[in-house]
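To keep things clear, I will list the structure first and then write my remarks on it.
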Amino acid sequence: MTGSFIKRKPFRRTKEGGAEEQYIDLGEMAFEDEAGAAGPGGAAVVRIAEVYRYEDLSNITQNLYAGNVLIVDYSAISTDELAFKRMVNDLKSIAKDTGGDVAGLGKEMLIATPGGMRVDRNKIKGAF
C-alpha cells in the first residue's frame, strides 16, 4: 500500500526548463449573469418600492439582485413589528450576499443598494 499513490507535479516543464503556471484568474473574467447594474448601458436604476405585507418583499428583492438601488416605503407594515423586523433582516441578508448596504431614510423608508455601492450615513448640512 505504500507505493499505490501517484505523485503528481503541480506544474509541467516548458521547453525553456521553467515551470508553466496552469491556472485561470477568475477576477479578470466576465460572466453573463454578472451584468452589474441593470439599467440601459449598465447604469444603476433607482427603484421605489412599497411594501404592504411581508410577502411583497420577494418581488421587490429581485431588483436588488439585478443591480438596482431600492428605496423602500414600508409605512403600511410599520405598525407590525414582526413583519418589519423580518423585512429588514431579509434586506440586510441580501445586501450582505451581494456586497451592498441597507440604511434608514426617515421613519418609514429605507434604502438598499447592490454590490459596489455604500450608503454614507453622514448628513450634508447647509451653511445657515
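All residue numbers for the sequence shown refer to the numbering used here, where the first residue is 374 and numbers rise by one.
Yeah, the Cβ is synthetic: ideal placement off N, Cα and C, and Gly gets one too.
Being a predicted model, the structure only gives us computed values, none of them experimental.
- Non-local beta-carbon contacts of Glu481 in its own chain, meaning distances under 7 Å to residues more than five positions away in sequence, involve Asp446, Tyr447, Ser448, Ser451 in chain order.
- Taking one beta carbon from each stretch, the segment 456-463 and the segment 486-494 have fewer than 3 pairs nearer than 8 Å; the two do not touch.
- Looking from the CA of Gly479, the closest CA among Ser466, Arg494, Gly473, Thr471 belongs to Arg494.
- Note that the C-beta distance between Gly473 and Leu430 is not below 8 Å.
- Only buried fits Asn441, as 16 or more other CB atoms lie within 10 angstroms of its CB.
- Given a length threshold of 3 residues, each whole run of the beta strand (DSSP E) inside the segment 452-495 is given here in chain order: 474-477, 482-486.
- In terms of Cα proximity to Val418, the closest of Asp398, Arg426, Ile444 is Ile444.
- In this structure, Ala422 sits near Ile433, with a CB-CB distance shorter than 8 Å.
- Per DSSP, the unbroken beta strand (DSSP E) holding Ile421 starts and ends at 419-423.
- When the Cα atoms are used, Ser466 and Arg420 turn out to be separated by approximately 19 Å.
- CA-CA distance, Gly499 to Leu483, rounds to 23 Å.
- Taking the Cα positions, Ile497 is about 19 Å away from Val475.
- The DSSP-derived three-state label of Ile444 is strand.
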